[in-house]
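Have a look at the structure below before the remarks.
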Amino acid sequence: MWTIPKPRYKNCNSLDTRDEAEIAVNIGGVKLVLYGDVLNRYPESRLAELINCSTLSYDIIYSLCDDYDPGKREFYFDRDPDAFRCIIDVYYFGEIHIKRGICPICFIKEMEFWKIDQSYLDECCKSDLTEKEEELAEIANKVKLILDDLDVVPSFNRSARYQKSLWKLMEKPESSLPARIIAIASFLFVLVSSLVMCVGTIPEVQMEDDEGDLVEHPTLEAIETTCIGWFTVEYLLRFMSSPNKLHFFLSFMNIIDFLAIMPFYVVLTLTYQGTAMMDLAKVQQAVQALRIMRIARIFKLARHSSGLQTLTYALKRSFKELGLLLMYMGIGIFVFSALGYTLEQSHPDTLFSSIPQSFWWAIITMTTVGYGDIYPKTTLGKCNAAISFLCGVIAIALPIHPIINNFVIFYNKQRLLETAAKHELELMELQSSEDSMVKATRKSGALGALESSMRTSRSDNSIPLIEESTRTFKSRKYCSETESF
Amino acid sequence: MNKGGSRSTTSLPPEPVEIIRSKAHYRRVRLNVGGLLHEVLWRTLDRLPRTRLGKLRDCNTHESLMEICDDYSLDDNEYFFDRHPGAFTSILNFYRTGKLHMMEEMCALSFSQELDFWGIDEIYLESCCQARYHQKKEQMNEELKREAETMRGREGEDFDTTCCSEKQKKLWDLLEKPSSSLAAKVLAIISILFIVLSTIALSLNTLPELQDIDEFGQVTDNPQLAHVEAVCIAWFTMEYLLRFISSPSKWKFFKGPLNIIDLLAILPYYVTIFLTESNKSVLQFQNVRRVVQIFRIMRILRILKLARHSTGLQSLGFTLRRSYNELGLLILFLAMGIMIFSSLVFFAEKDEEDTKFKSIPASFWWATITMTTVGYGDIYPKTLLGKIIGGLCCIAGVLVIALPIPIIVNNFSEFYKEQKRQEKAIKRREALERAKRNGSIISMNMKEAFARSVELIDVVVENNGENMGKVQDNHLSLSHRKETPKRTTSEMGSTQSLEPSSPDKAHPASPQQLNTQKLEEMYNKMAKTQSQPNLNSKDKGHLSKAPKKRDEIEMGIIPTEPAPTTDMRSMSSIDSFMSCAADFTESARFSHSPSTIVPGRVSTNPVLETTLEHEAMVSSHSATKVPGGRGSKHGLFSDSPRGLRFSNPLKNRSLKVNFKGGDADPSSSSLAQGPGGGALSDSSALSAHSLMSPEVSVYTTASSKTPPPETLIPTVFTFHDASISKFIDADTDEEEHLHDSSGTNASQRLLGKASPKLSSYSSHHRVANHLEGSQRMLGNSVFPLEARSGGGQGNHVLSRGERSRSNTHNESK
């Protein structure tokens, strides 16, 4: 067994007799002797309470510890000794470090039991904890989403139920076969419309209209209209079925959807009504500009690919690194284009006519693309080009690493979350079935109650978010099972 | 065995009343798990009544208690479990807090076994830990499955029983396993050279200077190069055909990806010849030419033949197959980028006169070349807007390509590492085999073998079988192995009939024990392989049938072994032998067969691979040492070691201790145990000593020593510390050790003739084998006595290392 040596400075205040009190504690089999003066440094903690009330009645003692051996004056706690070893540190050093290997979440529970504030946990271990907590929260969110999907809420009225099922049909491809078909169809429409947009620009496919301008082929136009029609219907259905309209309207995916269909209608109104307001040339220009916005529909693919979502997420998270990348590139471009420009001045027919002109060259060189439309001709210029190329590689490679890291982390996390959520659901199912079993066989009341209380305490704190849903899930489950009996 | 901890060995198990009283008396219970003491309230354990600890509360009889825990002491209110103490902390916390967390440094697989043992469903793992757990487990399972597949692919080639099967096998080895022999290596190198040569010829053929012009005015191949090509193709064809002929399973061969590549490399040539010859005068010559051209291009595929000779290429292929998800992502990213930037640049550049961005599809090319940062410069933007878009396109391209690649790289490096490891393992095994053949044992790193899976067991068994064949080559050819199964059974029957005193063997095939039995048999076989060479050396003519029979047992049983891949449990418990053994100990425990409990632990011979007479020696030894009590009981039983092995669940226990006995088991050693173990290691030391690597010797020592309880006689105390730590290490390496010991005898036999010191050992062995072979009963009863007189004394006093012990032995001889 191990004991904590009595601190040396104890001798200094040894006059205080009350602090002399020492208690023997047994934590899950590990016995040690603790001194009152040490424990009283944190009077609100469980051990301090214990030492202060050790003369009092058994009731209080038993409320504080699990067992008491009056012969040896030993208090027994049915807790994890490993965690206690770390927690006892707070009395000596004022801070707690989590021993490697103990799950932080589990450790926090122990700290709560010993009534020691979380703030004593040292910073270095806190990051671990927050990381774990974040992960848990994410899992909880995921589980909540899944549970929502599973929910066949006994709705209050018909329209709400229809709305719900429509929402599921449009938004959750996994929920049913028709939903999946709709998702695939929508995916195909996105592809087709993107292809049509590209093909429509090929001169051979285009046709001349009355004024000699090239316009799109009528068949392509028809396909385009169909696609837009589908997109519009889809968007409207989504909008109608969404539980929260404002939230729907502001979400990123839906803005893209909106941008994908909006140009078409604007162009339509402009061509039919615009001539009345402004002259033809301007209308055409506006139409041209709006056509570019059709590109936005490619982003609609992101709805169907988790990889793309991860990309956007990773880019969002690594905003700083992206800025860094651009900054490095910007500095490099400025420096090397200016250098290149000055060094190339000596050559009679130089391609570097101005510094802004040589920006282009700098970008193309630094990103190692190298079209060859502009290239240095003097020796010094060539040396500069070589250096700029090297610097470009480094400038790109350095900030890209954290971005990649972010991406990989999110990518892996996404997979991890999926398994975790699945597992959580299984766990809930198991618990609910066990609960019902306990209820069914509840003869020895005390034991059953203990068990069930322990079970309910399981889902309490780690995932508070889903507690509600768990309960409904359980009760539903239970109902269905009892019905089946 | 001292059931009651401090109780003496002769005392009876405590009455149920006592147990109930003890349980009622204490509110708490002390759990000793692998040496670590835990104290917990009974109330806490009641929370999960269906788990192992929960059941502990309800057990009121000695037998049921012994089923649940490994030992207990009512006086101390202490229950002993022979399990890993590390995992138990988190498991006990599950009872306390209702939350199952996993120790971070714990291996997921071993944790899962612990969970199995304690009867807790892994589903209870908290979300924060389970993600890691499942990921690791899945990954591990996948890896093991793959390894098993490759192993089976390599080793499981059973050649059918035609007369030329041996030649076929040799041919197969020659062609498929370049590392198997020098000739095979040379063949592989020649094959590589031919591939390189033919590829060079193929490229040279297209040089205009080297081409000829035929009568139609078309360019054709250079005649010299055509010859080269023909020779190469001839070689490839021959190789392919030989492979096909020698392959044990034609259909599997035909399906193999590498063989498909081979076929594709040679087919175009023949198709070309066929087409040109049959269509020479036909009108649609142009069409034929085009087809021929296509087939000529397909010749390029032969470069892929190099994959057969390079692990790197194979792992590249595997990586691509495995990370098609990420590749898809990469392509998707690129496609989206190309789409977006090409349409953007099209709109920016289209009003420029003489622009090359004529349409969006036309600018696809530009976008691709820019995003991949190739930049040919055939198309480039000229307007300011176009240039800005171009710059963005470059940066986006760099980003987009870089993102999914690390994931693919990760896959690749993982697989590559794995492949390397496997290769090393195979090489090592081959080296070991060679060493056995040559009669010298190379030093083995024991740790490494731990990584290998339990699935390899069957491979090992097979290997042993092969080794046997090789070892006995002089008097037993491979084809002789085929014996009628009747013989096996009759032999088994006879051995069993010899031992009427063994009551346990009466039910050899009770259903719950089926699995364990098979495993046992397997181990037995491994054990037996050790004794065979000696048998042969001694009684070549007389007993030459015996090895055959044993081989037959091996051959017969391997196929019937439960496929480990299909068994999740064994999958999860693959990481070590030790756990496997533990698993089936459990099953034995849960089988509720009373015989599991009775024999207790005297039979715990820690070195299973010792020969049968060794075991007999141990048990009777202990019997003679400790008359009365359980020890003697077992001693009587163990008169029939064979019968016990095959039928008696008590062996489960022995196996268990054997494989995971490293976890200090203080209670398991009684007065009888120490010397018994000593004697045993003594005998095994005889075979192993001075031939094996130091590690192995350590192992043998260590395994013979079980840490004693406080009540043990002082002489046994000398075992104490030195062994345990080493033991745990060494313990992990059972199969390697099996290898070693199975090989030792062969080498020993050889060396025994050479060195006079060793000859005494081997003669000793021969006596044993002879006795065992000719008259088992007698051997069992006589030999232990002899062993005792010889080694027994040494065991008591020395028991420090088998070196000294065997010296004693030597002197006594």
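Chain order of the listed sequences is A and B.
Heads up: the first sequence is residues 1 to 485, going by UniProt numbering.
Heads up: the second sequence is residues 1 to 813, going by UniProt numbering.
Yeah, the Cβ is synthetic: ideal placement off N, Cα and C, and Gly gets one too.
Since we're looking at a predicted model, the values are computed, not measured.
**Request:** Take every Cβ of the stretch 194-211 of chain A, pair it with every Cβ of the stretch 230-248 of chain A, and state whether three or more of those distances are shorter than 8 Å.
**Result:** Contact fails between the stretch 194-211 of chain A and the stretch 230-248 of chain A, because fewer than three Cβ pairs, one in each stretch, are under 8 Å apart.
**Prompt:** Which chain C residues sit within Cβ distance under 7 Å of N287 of chain B?
**Reply:** This model lacks chain C altogether, as its protein chains are A and B.
**Asked** Roughly how many angstroms separate the alpha carbons of T378 of chain A and T350 of chain A, rounded to a whole number?
**Response** Numbered from 1 along the first sequence, position 378 holds the residue referred to as residue 378 of chain A. Numbered from 1 along the first sequence, position 350 holds the residue referred to as residue 350 of chain A. Cα to Cα, the separation comes out at about 9 Å.
**Prompt:** So what does DSSP say about D67 of chain A, is it helix, strand or coil?
**Reply:** Counting from one through the first sequence, the residue named residue 67 of chain A turns up at place 67. If DSSP states are grouped into helix, strand and coil, D67 of chain A belongs with the strands.
**Request:** Run through the stretch 75-149 of chain A for me and flag every whole alpha helix (DSSP H) of 4 or more residues, listed as ranges in chain order.
**Result:** Counting only runs of 4 or more, we get 81-87, 89-93 and 104-113.
**Request:** Return the CA-CA distance between F75 of chain A and I139 of chain A, expressed in angstroms with no decimal places.
**Result:** The residue you call residue 75 of chain A lines up with position 75 of the first sequence. The residue you call residue 139 of chain A lines up with position 139 of the first sequence. F75 of chain A and I139 of chain A have their C-alpha atoms roughly 39 Å apart.
**Asked** Since Q337 of chain A is in the alpha helix (DSSP H), which residue starts that stretch and which ends it?
**Response** As a first step, residue 337 of chain A must be located in the first sequence, where it is residue number 337. According to the sequence as given, residue 337 of chain A is Ser; it is not Gln. Its alpha helix (DSSP H) spans residues F319 to E344.
**Request:** Using a Cβ-Cβ cut-off of 7 Å, state whether M371 of chain B counts as contacting chain A.
**Result:** Position 371 of the second sequence, counted from the start, is the residue given in the question as residue 371 of chain B. Using beta-carbon distances, M371 of chain B does not count as an interface residue toward chain A, since no partner is under 7 Å.
**Request:** State the Cα-Cα distance for the pair S159 of chain A and T367 of chain A, rounded to the nearest angstrom.
**Result:** As a position in the first sequence, residue 159 of chain A is number 159, starting the count at 1. As a position in the first sequence, residue 367 of chain A is number 367, starting the count at 1. When rounded, the separation of the alpha-carbon atoms in S159 of chain A and T367 of chain A is 56 Å.
**Message:** Can you tell me whether L237 of chain A is helix, strand or coil according to DSSP?
**Reply:** Here the question's residue 237 of chain A lines up with position 237 in the first sequence. In the structure shown, L237 of chain A sits in a helix (DSSP, three-state: H, G or I).
**Under the three-state DSSP convention, the category A21 of chain A falls into** = Here the question's residue 21 of chain A lines up with position 21 in the first sequence. Of the three classes helix, strand and coil, the one that applies to A21 of chain A here is coil, per DSSP.
**Prompt:** Cα separation between S433 of chain A and C106 of chain A?
**Reply:** Residue 433 of chain A sits at position 433 when you count from the first residue of the first sequence. Residue 106 of chain A sits at position 106 when you count from the first residue of the first sequence. The C-alpha of C106 of chain A is placed about 25 Å away from the C-alpha of S433 of chain A.
**Prompt:** Is G332 of chain A near N384 of chain A, with beta carbons less than 7 Å apart?
**Reply:** Walking along the first sequence from the start, residue 332 of chain A turns up at place 332. Walking along the first sequence from the start, residue 384 of chain A turns up at place 384. For G332 of chain A and N384 of chain A, no; Cβs fall outside 7 Å.
**Within chain B, the residues that F334 of chain A reaches when beta carbons sit closer than 7 Å** = For this step, residue 334 of chain A is matched to residue 334 along the first sequence. Residues of chain B with a Cβ closer than 7 Å to the Cβ of F334 of chain A do not exist; the shortest Cβ-Cβ separation is about 13 Å.
**Prompt:** Mapping DSSP to helix, strand and coil, what is L36 of chain B?
**Reply:** Residue mapping note: residue 36 of chain B aligns to position 36 of the second sequence, counting from 1. Reduced to three states, the DSSP call for L36 of chain B is strand.
**Message:** Quick check: the Cα distance between E102 of chain A and N141 of chain B, rounded to an integer number of angstroms?
**Reply:** Position 102 of the first sequence, counted from the first residue, corresponds to residue 102 of chain A. Position 141 of the second sequence, counted from the first residue, corresponds to residue 141 of chain B. First, the residue type needs correcting, since residue 102 of chain A is Ile and not Glu in the sequence shown. Spanning the two alpha carbons is a distance of roughly 25 Å.
**Asked** Whole beta strand (DSSP E) runs in the stretch 297-367 of chain B with 3 or more residues, listed along the chain?
**Response** Segments of the beta strand (DSSP E) lying fully in the stretch 297-367 of chain B: there are none.
**Prompt:** Would you say V196 of chain A reaches chain B, if we count a Cβ-Cβ gap shorter than 7 Å as a contact?
**Reply:** The residue you call residue 196 of chain A lines up with position 196 of the first sequence. Chain B places no beta carbon closer than 7 Å to that of V196 of chain A, leaving this residue out of the contacts.
**Asked** Within 7 Å (strictly less), CB to CB, does residue 881 of chain B reach chain A?
**Response** This structure leaves residue 881 of chain B out entirely; chain B is present only between 1 and 813.
**Item:** DSSP bridge partner residues for Q80 of chain B (one or two, in chain order)
**Value:** Counting from one through the second sequence, the residue named residue 80 of chain B turns up at place 80. According to the sequence shown, residue 80 of chain B is Phe rather than Gln. Answer is B:N32 and B:D71, bridged to F80 of chain B.
**Request:** Give every residue of the same chain whose Cβ lies closer than 7 Å to the Cβ of E18 of chain B, excluding the five residues on either side of it in the sequence, and list them in chain order.
**Result:** The sequence position of residue 18 of chain B within the second sequence is 18, counting from 1. L74.
**Prompt:** When the cut-off is 7 Å and only beta carbons count, does A24 of chain A lie next to chain B?
**Reply:** If you number the first sequence from 1, residue 24 of chain A lands on position 24. At a cut-off of 7 Å between beta-carbon atoms, A24 of chain A makes no contact with chain B.
**Prompt:** Looking at the C-beta of D460 of chain A, does it have a partner C-beta in chain B at a distance below 7 Å?
**Reply:** Stepping through the first sequence from its first residue, residue 460 of chain A is reached at position 460. Bear in mind that the predicted position of D460 of chain A carries a pLDDT of just 36, short of 50, making it unreliable; the figure below should be weighed with that in mind. No - not a single Cβ of chain B is within 7 Å of the one on D460 of chain A.
**Request:** Report all residues from its chain with a CB closer than 8 Å to the CB of G541 of chain B; omit the five preceding and five following residues, and keep chain order.
**Result:** Position 541 of the second sequence, counted from the start, is the residue given in the question as residue 541 of chain B. Any reading at G541 of chain B needs caution, since the residue's pLDDT is 41, under 50, leaving its predicted position unreliable; the model's value is listed next. So the list is empty, once near-sequence residues are dropped.
**Message:** For the structure I just gave you, are there three or more beta carbon pairs, one from the stretch 408-418 of chain A and one from the stretch 382-400 of chain A, closer than 8 Å?
**Reply:** Fewer than three beta-carbon pairs drawn from the stretch 408-418 of chain A and the stretch 382-400 of chain A are found closer than 8 Å, and the two stretches are therefore not classed as touching.
**Request:** Please list, in chain order, all residues of the same chain as L31 of chain B whose beta carbon is under 7 Å from its beta carbon, the five residues on each side excluded.
**Result:** The residue labelled residue 31 of chain B in the question sits at position 31 within the second sequence. Cβ-Cβ distances below 7 Å link L31 of chain B to H38, V40, Y79 and F81 in the same chain, with the five nearest sequence neighbours on each side left out; the list follows chain order.
**Message:** Between D66 of chain A and chain B, is the shortest Cβ-Cβ distance under 7 Å, so that the two count as touching?
**Reply:** Numbered from 1 along the first sequence, position 66 holds the residue referred to as residue 66 of chain A. For D66 of chain A, the answer is yes, since a Cβ of chain B falls inside 7 Å of its Cβ.
**Request:** Might you give, ordered along the chain, the residues of its own chain that have their beta carbon closer than 7 Å to the beta carbon of A183 of chain B, omitting 5 neighbours on each side?
**Result:** Residue numbering aside, residue 183 of chain B sits at position 183 when the second sequence is read from its first letter. Close CB contacts of A183 of chain B within its chain, under the 7 Å cut and outside five residues either way in sequence, are with L174 (chain order).
**Message:** Measuring only the C-alpha atoms, how far is E131 of chain A from A108 of chain B?
**Reply:** The residue labelled residue 131 of chain A in the question sits at position 131 within the first sequence. The residue labelled residue 108 of chain B in the question sits at position 108 within the second sequence. About 21 Å.
**Item:** Beta-carbon contacts of C86 of chain A that lie in its chain and below 8 Å, excluding the five residues immediately before and after
**Value:** Within the first sequence, the letter at position 86 stands for residue 86 of chain A. For C86 of chain A, same chain residues with a beta-carbon under 8 Å away, outside a window of 5 residues either side, are I96, H97, I98, K99, I102 and F107 in chain order.
**Request:** With a threshold of 16 other CB atoms inside 10 Å of the CB of K137 of chain B, please say whether the residue is buried or exposed.
**Result:** Locating residue 137 of chain B in the second sequence gives position 137, where the first residue counts as 1. By the 16-neighbour rule on beta-carbons within 10 angstroms, K137 of chain B is buried.
**Prompt:** What residue range is occupied by the uninterrupted alpha helix (DSSP H) comprising K177 of chain B?
**Reply:** Within the second sequence, the letter at position 177 stands for residue 177 of chain B. No alpha helix (DSSP H) holds K177 of chain B; DSSP gives it neither H nor E.
**Every unbroken alpha helix (DSSP H) within the stretch 395-449 of chain B, with a cutoff of 4 residues, ordered by chain** = Residue ranges of uninterrupted alpha helix (DSSP H) with 4 or more members, entirely inside the stretch 395-449 of chain B and ordered along the chain, are 405-438.
**Request:** Indicate whether the contact test is met: 3 or more Cβ pairs, each with one atom in the stretch 254-270 of chain A and one in the stretch 284-297 of chain A, closer than 8 Å.
**Result:** At 8 Å Cβ cutoff, the stretches touch.
**Message:** Suppose the cutoff is 8 Å on Cβ atoms and the five residues either side in sequence are ignored; what does the same chain contact list for I403 of chain A look like?
**Reply:** The residue labelled residue 403 of chain A in the question sits at position 403 within the first sequence. Scanning its chain for C-beta atoms nearer than 8 Å, with the 5 sequence neighbours on each side dropped, one finds around I403 of chain A the residues A314, L315, S318, E321, L322 and L325, in chain order.
**Message:** Given 6 Å as the limit, tell me if T319 of chain B has its C-beta closer than that to any heavy atom belonging to the ligand FMN.
**Reply:** The ligand FMN is absent from the structure shown, which contains no ligand whatsoever.
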